[in-house]
Amino acid sequence: TASGEFYLFYNAVIGTATQHKLYLQINNPLLHTSHASEENPTYEDSEYIPYSITVEEGSAGWKWDGASKSTISDTGVSISSPASPKTAASKKAIETNLRGSSALFNVSGYAKVTASVTDDIKRKAKGSYESTITLIVSTE
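For what it's worth, this note's numbering labels the leading residue of the sequence shown as 15, then goes sequentially.
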């Protein structure tokens with residue numbers, strides 16, 4: 015079991031006539047970096063690690079302009095990575111109304127992200143692993 019924390023920040027300039035959503039997308043599980051230079055790498059089961067992340071309240075006085083501030087602070091919003099490198103990216107709306115009650119064109123915020131690996135990683139290859147997480151602002 016392994017876990018770690020980092021923060022996500024968003025700052026969006028959006029129009030007032032359309033409702034915008036904020037999506038979090040995990041493009042792949044943690045991938046062993048030994049294949050980083052290959053064009054179409056093939057990963058063995060021991061070379062990738064599925065994981066999950068939870069977006070939750072930052073610290074005291076944290077800022078979040080979106081309408082889901084209470085959901086993020088109370089229970090957090092969770093998403094799991096794809097199960098394997100061949101599985102499609104995982105995408106979830108962490109904010110369904112990015113503007114919230116703000117009348118401003120510029121909305122922003124930050125939240126704590128806790129990443130955790132729940133599988134037994136003893137049989138995984140030793141080395142460095144990477145994954146890509148994308149933050150998307152969309153009207154869809």
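Think of the CB as a built atom: it goes at the ideal place given N, C-alpha and C, for glycine as much as any other residue.
Would you identify the three-state DSSP class for residue i, choosing helix, strand or coil?
{"i": "residue 71", "result": "coil"}
{"i": "residue 46", "result": "strand"}
{"i": "residue 61", "result": "helix"}
{"i": "residue 83", "result": "helix"}
Taking the CB atoms as reference points, tell me whether residue i and residue j lie closer together than 8 Å.
{"i": "residue 39", "j": "residue 103", "result": "yes"}
{"i": "residue 44", "j": "residue 149", "result": "no"}
{"i": "residue 115", "j": "residue 77", "result": "no"}
{"i": "residue 60", "j": "residue 94", "result": "no"}
{"i": "residue 118", "j": "residue 34", "result": "no"}
{"i": "residue 53", "j": "residue 127", "result": "no"}
{"i": "residue 32", "j": "residue 153", "result": "yes"}
Rounded to whole angstroms, how far is the Cβ of residue i from the Cβ of residue j, which I believe are closer than 8 Å?
{"i": "residue 143", "j": "residue 46", "result": "6 Å"}
{"i": "residue 82", "j": "residue 108", "result": "7 Å"}
Short of 7 Å in beta carbon distance, which residues of its chain neighbour residue i, apart from the five on each side in sequence? Order them along the chain.
{"i": "residue 90", "result": "68, 69, 70"}
Beta-carbon within less than 8 Å of residue i's beta-carbon, same chain only, minus the 5 sequence neighbours each way: which residues are those?
{"i": "residue 58", "result": "139"}
{"i": "residue 48", "result": "61, 139, 141"}
Apply the 10 Å Cβ neighbour rule to residue i and answer buried if 16 or more other Cβ atoms are within range, or exposed otherwise.
{"i": "residue 98", "result": "exposed"}
Take residue i and list the residues in its own chain whose beta-carbon comes closer than 6 Å to its own, dropping the five residues that flank it on each side.
{"i": "residue 131", "result": "16, 63, 65"}
{"i": "residue 145", "result": "42, 44"}
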